[in-house]
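Asker: Just dropping this structure here.
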Amino acid sequence: MCAAGRRWGRRERTVLWCVLGAAWGAAWGQLRYSVPEEMPKGSFVGDVAKDLRLDLPALRDRGLTILDKGRTRYFALNGKTGHLVTAERIDRERLCESVQQCVLRCELIVEGDMEVYEIEVEIRDINDNAPSFREVETELRVSETTAPGSRFPLPEAHDPDVGPNSVQSYELSGDEHFSLAVRAGPGGDERPELVLAKALDREAAAFHELVLRASDGGEPARTGTARLRVAVLDANDNAPVFSQAEYTVRVAEDVPVGSTLVTLTATDPDEGMYGDVKYSLKKITEKARQILQLDAETGVITLMRSLDFEEGDSYELEVQAEDGGGLFDTAKIVITVTDVNDNAPELIVTSQLSSVSEDAPSGTVVALLHVQDRDSGPNGEVRCSLDGAVPFRLRSSRGSYYSVVTARELDREEVSEYNVTVRAVDGGSPALWSSAVLALRVLDVNDNAPVFAEASYSARLAENNAAGALVLTVRAWDADWGQNARVRYRLWEGRVRGAPLSSYVSVQAETGALYALRSFDYEEVREVGLWVRAEDGGAPALSSNVSVRLVIVDENDNAPQVLYPPAAAASSSGAGWAGVELAPRSVEAGALLLAAGSGALRGVPASHFVGIDGVRAFLHSYSHEVSLTADSRKSQLRLSAASCCDTLPARPPPDEPAPLLGEDPAGARRADPAAAPQAQPNTDWRFSQTQRPGTSGSQNGEEGGAWPNNQFDTEMLQAMILASANEAADGNSTLGGGTGTMGLSARYGPQFTLQHVPDYRQNVYIPGSTATLTNAAGKRDAKGAGSSGGNKKKSGKKEKK
95 MCAAGRRWGR
105 RERTVLWCVL
115 GAAWGAAWGQ
125 LRYSVPEEMP
135 KGSFVGDVAK
145 DLRLDLPALR
155 DRGLTILDKG
165 RTRYFALNGK
175 TGHLVTAERI
185 DRERLCESVQ
195 QCVLRCELIV
205 EGDMEVYEIE
215 VEIRDINDNA
225 PSFREVETEL
235 RVSETTAPGS
245 RFPLPEAHDP
255 DVGPNSVQSY
265 ELSGDEHFSL
275 AVRAGPGGDE
285 RPELVLAKAL
295 DREAAAFHEL
305 VLRASDGGEP
315 ARTGTARLRV
325 AVLDANDNAP
335 VFSQAEYTVR
345 VAEDVPVGST
355 LVTLTATDPD
365 EGMYGDVKYS
375 LKKITEKARQ
385 ILQLDAETGV
395 ITLMRSLDFE
405 EGDSYELEVQ
415 AEDGGGLFDT
425 AKIVITVTDV
435 NDNAPELIVT
445 SQLSSVSEDA
455 PSGTVVALLH
465 VQDRDSGPNG
475 EVRCSLDGAV
485 PFRLRSSRGS
495 YYSVVTAREL
505 DREEVSEYNV
515 TVRAVDGGSP
525 ALWSSAVLAL
535 RVLDVNDNAP
545 VFAEASYSAR
555 LAENNAAGAL
565 VLTVRAWDAD
575 WGQNARVRYR
585 LWEGRVRGAP
595 LSSYVSVQAE
605 TGALYALRSF
615 DYEEVREVGL
625 WVRAEDGGAP
635 ALSSNVSVRL
645 VIVDENDNAP
655 QVLYPPAAAA
665 SSSGAGWAGV
675 ELAPRSVEAG
685 ALLLAAGSGA
695 LRGVPASHFV
705 GIDGVRAFLH
715 SYSHEVSLTA
725 DSRKSQLRLS
735 AASCCDTLPA
745 RPPPDEPAPL
755 LGEDPAGARR
765 ADPAAAPQAQ
775 PNTDWRFSQT
785 QRPGTSGSQN
795 GEEGGAWPNN
805 QFDTEMLQAM
815 ILASANEAAD
825 GNSTLGGGTG
835 TMGLSARYGP
845 QFTLQHVPDY
855 RQNVYIPGST
865 ATLTNAAGKR
875 DAKGAGSSGG
885 NKKKSGKKEK
895 K
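95 is the number of the first residue of the sequence shown in this note's numbering; add one for each residue after it.
Here it is in structure tokens:
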């Protein structure tokens, strides 16, 4: 009872140490389990989730992967329970031949957490193999002269199990001449030997039949037998002798098949059959038997199959040299395989992201790599690197694991996709390498505002445009992608002449097209300045602004108006006006004219004069006739036939009716300029330059001009000018303005009065007078004569129209 109690205590202590070892390993990211061999597929190995304190429901989302370090996968993970189970039946003898402790290693990868745990599983041996002899029948030759007590080695039984399950004892049965002895070998194994207990007599018995039995220590024990036949020979007093007791050979793993590894030599001084030596393998593993071959005649050991340092780095065997008389000698051969760099590094991508945001912080893990090289020494030392100038770097993780992390923030607008090449190079000479390509897409972040194609926009739009007319199109681009690059346009709200800007123009949100919502009037609005905002579709959105200048182009959509005589004065007087000369032929280019009635100047091309706020100045000299009716708003401007002359048209005689509005006088249409002599200027109308009113009075006094000096004509001229000014002052004039400004104060301010208006007196014809108002005879006539030819041509075109 006490012994049983002590055994139970030892078992409990063993279990406790196993539990503590598993807990210690889990704390350090490493688990250890132990299972017997030959378990069926799917057998329980260990509760990984429990031992690692992992939340089982969360594991299904984060993803678990078992990675075996060997070529065969022996373990799997049950995703529902978190248990480590066997993936196939495990044969310890096949995996770990001649190894006392058989340990398989694998790695558990938690992909979501980028964590790696090492798992070691010890495969315990079971007594599933019985001892066996390589040769079921063995023949020994013993000379009859052999002295009693002589020993002869017997074939050893082989049991692939280890420990107590391997061979533990031998038994011999059959003959009194022989007994069994067991001797411990160099490695601690037991070697059976046949002991001659009694001298042999060939004449009494030429053969002796024996049975050798080997047993292992399993429960129940397993046994194997071999039959021994001892032939009694004639005397042979010399046994073969090897040249050395142990042969040591070093050979590279890439040595060609068929190469000679070692040549054994054993000599026997006897003659004849007693000196004829034969070589045989007495002790060799099954793996070495498939690789090495011994020539029985020559003692040469050759290579039958390629060596692989990773499968086996050394082989031990025992060779026997025996002569024809049954005498023999043994030698040990140790073949050491040296490593050659014949394995390229293995680069495995265990976990990888397919995309990463461009604003991911530096150090973000995008992939987890596992690197291994089956070579040893410098040939198995692996260095990893990234090809090219990429914004990533390698970070050594745990053991042979590497993480690929971002080295800086990314920019999708610069590079939208990366093919990152990871290269693994070993330390061999020459070095071997392998690579893996990580395809990574950069996700866009709204970090770019829209950019307009131009710094500012301007457009010209003719007035009286149709509502909805396209003005121009603004265009902005966004370097981002997708919704972040979708640009929409809108107007900054403002006001034009007190009205909202949005009532004048609008912008199409998708295309940036700017449309006029109403018809513009140059006389009301001449220029519109506005801002257009381009905004992307990001969250939050980014935007930029651009200025747009819209210039309204004037069109000839307003008819001239006659300021004098006013309609009321004409109707009350009951008399028509024969005409008013706006520009006598002798006037110079640039002279200013008064604002004429509707349609009065349509016969004159616009290029022949310039105008500012209803005051127009001819660029050339013309003679005109104006016919007025009782309605001063209806007038007709005609070029007379005598437009080339320096005379004002004469007042019609009393017996001829005055011409109607829109009708040329018959005499003027048919008059011959050469038939009517030019009237001389009336000297009573001339006055010096200093006597002229207005701005012309400041001109050079050397020039003289003709101006009426009688009371009647002077009062009529003053009445015309005052009537025009009164019309502008009381708001009836379309030009606007204050009193005494003739409609100019609206543009130039109230300080611009009649005194700022150029001197029009030389351009005014006073009805009822036959006088011609001219400047001094010298300069004016000379300048007028020089351009008379051109004026005649232009006057003729007007008459045709």
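Idealized CB from N, CA, C, for every residue including glycine.
1. Enumerate in chain order the residues of its own chain whose CB-to-CB distance from P485 is below 7 Å, with the five nearest sequence positions on each side excluded.
2. Determine contact between the region 200-215 and the region 430-445, defined as no fewer than three beta-carbon pairs at a distance below 8 Å.
3. Do N332 and D417 have their C-beta atoms closer together than 9 Å?
4. Can you check whether the CB of S637 is closer than 9 Å to the CB of A628?
5. Leaving out the 5 sequence neighbours to the left and right, which residues in its chain are closer than 6 Å to D407 when beta-carbon positions are compared?
6. Should E365 go down as buried or exposed, given a rule of 16 or more other Cβ atoms within 10 Å for buried?
7. Under a three-way DSSP split, which group does N330 fall into?
8. Determine the closest residue to F246 out of R277, L644, A549, with distance taken between C-alpha atoms.
9. May I have the straight-line CA-CA distance separating D648 from Y583, to the nearest angstrom?
10. Does the region 568-576 come close enough to the region 648-657 to have 3 or more Cβ pairs within less than 8 Å?
11. Look up K377 in the DSSP assignment and give the residues it is bridged to.
12. Per DSSP, what kind of secondary structure is G312 in: helix, strand or coil?
13. Grouping DSSP H, G and I as helix and E and B as strand, with all else coil, what is E621?
14. If we require 3 or more residues per run, which beta strand (DSSP E) segments fall completely within the region 385-468?
15. Quick one: give me the first and last residue of the beta strand (DSSP E) that L78 is part of.
16. When DSSP labels each residue in this structure, what does Y495 get in the three-state scheme?
17. So, helix, strand or coil for Y168, using DSSP?
18. By DSSP, does S692 sit in helix, in strand, or in coil?
19. Exposed or buried, which one is N558 when buried takes at least 16 other CB atoms within 10 Å?
20. Give a yes or no on contact between the region 247-264 and the region 220-237, applying the rule of three or more CB pairs nearer than 8 Å.
21. What is the rounded straight-line gap between the Cα of A570 and the Cα of E618?
22. May I ask you to verify whether the region 422-441 touches the region 511-526, counting CB pairs closer than 8 Å and requiring at least 3?
23. Once the 5 residues before and after L294 are set aside, which same chain residues still bring their CB inside 7 Å of it?
24. Report the rounded CA-to-CA distance for A530 versus T392, giving the unit in angstroms.
25. At 3 residues or longer, and completely inside the region 246-291: list those beta strand (DSSP E) runs for me, N to C.
26. Does the region 188-205 touch the region 281-291, meaning 3 or more C-beta pairs lie closer than 8 Å?
27. What first and last residue would you give for the beta strand (DSSP E) that runs through E216?
28. Pick from V656, R580, V565, P634: whose alpha carbon is nearest that of L624?
29. Going by DSSP, name the residue or residues bridged to W571.
30. Rounded to the nearest angstrom, what separates R580 and G631 at their Cα positions?
31. Based on the DSSP output, what are the partners of N639 in its beta bridges?
32. Report back the beta-carbon spacing between V626 and L595 to the nearest angstrom; my notes put them in contact at under 8 Å.
Answerer: If we stick to the structure as given:
1. T500, A501, R502, L504
2. yes
3. Annotated as proximal: N332 and D417, with beta-carbon spacing under 9 Å.
4. yes
5. V431
6. E365 comes out exposed.
7. coil
8. The shortest CA-to-CA distance from F246 to any of R277, L644, A549 is the one to R277.
9. 29 Å
10. no
11. E412
12. DSSP places G312 in coil when its eight states are reduced to three.
13. strand
14. 386-388, 394-397, 408-416, 422-432, 440-446, 449-451, 459-466
15. What the structure shows of the chain is the stretch from 95 to 895, and residue 78 is not part of that stretch, so it cannot be assessed.
16. strand
17. coil
18. The pLDDT assigned to S692 is 41, lower than 50, so where the model puts this residue is not dependable; a value taken from the coordinates is nonetheless given after this. In the structure shown, S692 falls within a strand segment according to DSSP collapsed to helix, strand and coil.
19. exposed
20. yes
21. 32 Å
22. yes
23. V236, E238, T240, H271, V326
24. 52 Å
25. 261-267, 272-278, 284-290
26. Too few Cβ pairs lie closer than 8 Å, so no.
27. 209-218
28. Cα-wise, what sits closest to L624 is V565.
29. W571 is bridged by DSSP to V545.
30. 5 Å
31. R627
32. So it is not a contact: roughly 11 Å between Cβ atoms.
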